[in-house]
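Listed in order, the protein sequences are those of chains A and B. Under the numbering used here, think of the first position of the first sequence as 6, with each following residue one higher. Under the numbering used here, think of the first position of the second sequence as 6, with each following residue one higher. To keep things clear, I will list the structure first and then write my remarks on it.
2 protein chains.
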Amino acid sequence: MHSFYRTPVLNEWTDYNGHLRDAHYLLIFSYATDALMDHIGLDEAGRARTGHTLYTLEVHLNYLSEVKRGEHVEVRTQLLAHDGKRLHIHHGLYREGSEQLLAASEQMLMNIDHASGRSAIWHADVLATIERLAASDAELPRPVHCGRVIGLPR
Amino acid sequence: MHSFYRTPVLNEWTDYNGHLRDAHYLLIFSYATDALMDHIGLDEAGRARTGHTLYTLEVHLNYLSEVKRGEHVEVRTQLLAHDGKRLHIHHGLYREGSEQLLAASEQMLMNIDHASGRSAIWHADVLATIERLAASDAELPRPVHCGRVIGLPR
């Protein structure tokens, strides 16, 4: 589990009630993915050097609690799995220092070669960092909001 | 299938490459949900009259194509199922007039009583409109990106 991103809840992310809008939970998780990219060497300089970037393929997001304007939140990120070109991750949203999970997002990210627009295997340096993350997260319990299907009982 | 929301892709929704950021696909779907709320009588006046609003419980989102700054897009919305207090919906993102699906989002929405913060059964007028939508969508095929679980092969 890694805390890569923290932020106050900005005015422009909230609705008329001062509550964080559903899409802006995902914006906070998106910035946390940017921070994860920085961590694995796909920051701006790394993207220029490798020609690679990450695309989001799929997002699942569970809303567990309201979050209000001005609150200070952090995203804790867990690497669930990876292969030669994909990362399966989990972002959890928390108030800073709190253990109450406010929202959970499971995501699949794909390494993309910028010039071709096609998927690409990890650059060796990037993969080495991913493998260190995977080793560090290997013993963590699987987050609760994983593997979910949406539906109403028939 | 109902087209409740259309918009150009605004500058502030795009990244350094002029591509729509992952979280801003969801913002467009969020505005489409606002438009759906207007349609079923939970616009601002309806929320004041009924004391009800909709909360997003869960979102699944598949990214299928890049979308660029300035493109004109529309959301087509399908009601998949409902019960006494929940809507199970599907939003599809398209370029205006095109049949190419750019992104797909399956969502579960809950009717909430604003004063108590708890779930509430639909107001009768709202339910009547939901039932008309359900009847109108009953014969549509189920969207492809429904019922998905995220994961890598082991």
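Just so it is clear, CB atoms sit at the ideal spot from N, CA and C, and this is done for glycine as well. Everything numeric in this text was worked out from a predicted model, so none of it was measured.
Integer Cβ distance of residue i from residue j, believed to fall under 8 Å
i: P148/B; j: G97/B; result: 7 Å
i: V14/A; j: R74/A; result: 5 Å
i: I126/A; j: G89/A; result: 5 Å
i: A28/B; j: L31/A; result: 4 Å
i: R91/B; j: L106/A; result: Actually they do not touch by this definition, with Cβ atoms about 22 Å apart.
Neighbour list for residue i in chain B, Cβ cutoff strictly below 9 Å
i: N67/A; result: L62, E63 and V64
i: D88/A; result: L157 and P158
Beta-carbon gap between residue i and residue j smaller than 8 Å
i: E63/B; j: Q112/B; result: yes
i: F9/A; j: T82/A; result: yes
i: H119/A; j: G56/A; result: yes
i: T134/A; j: G23/A; result: no
i: R100/A; j: E76/A; result: yes
i: L114/A; j: Y60/A; result: yes
i: H87/B; j: H93/B; result: yes
i: L69/B; j: A108/B; result: yes
i: R26/A; j: T19/A; result: yes
i: S110/A; j: N116/A; result: no
i: H162/B; j: I155/A; result: Outside the modelled stretch of chain B, which goes from 6 to 159, sits residue 162/B, for which no answer is possible.
Under 7 Å by beta carbon: chain B residues contacting residue i
i: L32/A; result: A28
i: M6/A; result: Result: empty, since nearest Cβ-Cβ is about 19 Å, beyond 7 Å.
Beta carbon proximity, residue i to chain B, threshold 8 Å
i: G102/A; result: no
i: V149/A; result: no
i: E76/A; result: no
i: S121/A; result: no
Reduced DSSP secondary structure (H/G/I, E/B, other) of residue i
i: L25/B; result: strand
i: I94/B; result: strand
i: S141/B; result: helix
i: A108/A; result: strand
i: D118/A; result: strand
i: M113/A; result: strand
i: H150/A; result: coil
i: S35/A; result: helix
i: A86/A; result: strand
i: H65/B; result: strand
i: E49/A; result: helix
i: L157/A; result: coil
CB contact below 8 Å: residue i versus chain A
i: S70/B; result: no
i: V154/B; result: yes
i: M113/B; result: yes
Amino acids of chain A, ordered along the chain, whose beta-carbon sits closer than 8 Å to that of residue i
i: R91/B; result: L157
Chain-ordered neighbours of residue i on chain B, where CB pairs are closer than 8 Å
i: S35/A; result: R26, D27 and A28
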